[in-house]
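If you read the sequence shown in the working numbering, its first letter stands for residue 11, the second for the next number, and so on.
Where a beta carbon is used, it is the ideal one built from N, C-alpha and C, also for glycine.
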Amino acid sequence: MNLGTYNVRTLNSEAALSFMFDEPHNIKIDIVAVCETRRRKDMSVKWSDGSEVMLGAAKNGVGGVDFIVLPSVTSRIISMEIVSHRLAILNLKIEK
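Spelled out as structure tokens, the structure:
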């Protein structure tokens, strides 16, 4: 399982969202923790390929965090929670 982080500076446009959802496949990362999304609203979706995405809203245009989890790992998700515009928690089942 490969984990990465990414400071995107903004994910307010649909083009930026589309690029961000395609990128983990290109660089072979199973989970991407994204910060500084500056999204206006929370959003949680399951993508057509089976990826799960949880976007947290920014506060006053600052912050915003999210996770993008590829299908190879989604069965291991116990929970995903956006705690604040700066903190998100992803709990996974991990093989021993």
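Tell me, which residues are paired with residue i by DSSP?
| i | result |
| --- | --- |
| Glu62 | Lys56 and Val79 |
| Met90 | Leu100 |
Give the DSSP-derived three-state secondary structure of residue i in the structure shown.
| i | result |
| --- | --- |
| Ser28 | helix |
| Ile41 | strand |
Considering only the alpha carbon of each residue, which of the options lies closest to residue i?
| i | options | result |
| --- | --- | --- |
| Cys45 | Glu105, Val72, Pro81 and Ile37 | Val72 |
| Ile88 | Leu102, Lys56 and Leu80 | Leu102 |
| Thr84 | Val55, Gly66, Ala67 and Arg19 | Val55 |
| Asn21 | Arg86, Val63 and Lys38 | Residue identity check: residue 21 is Leu in the sequence provided, not Asn. With distances taken between Cα atoms, Leu21 lies closest to Val63. |
| Asn17 | Ala43, Asn36, Met53 and Leu100 | Ala43 |
Taking just the CA atoms, how far does residue j sit from residue i?
| i | j | result |
| --- | --- | --- |
| Leu97 | Val75 | 7 Å |
| Phe29 | Ser94 | 24 Å |
| Glu105 | Ile41 | 16 Å |
| Pro81 | Ser61 | 5 Å |
| Ala67 | Thr47 | 8 Å |
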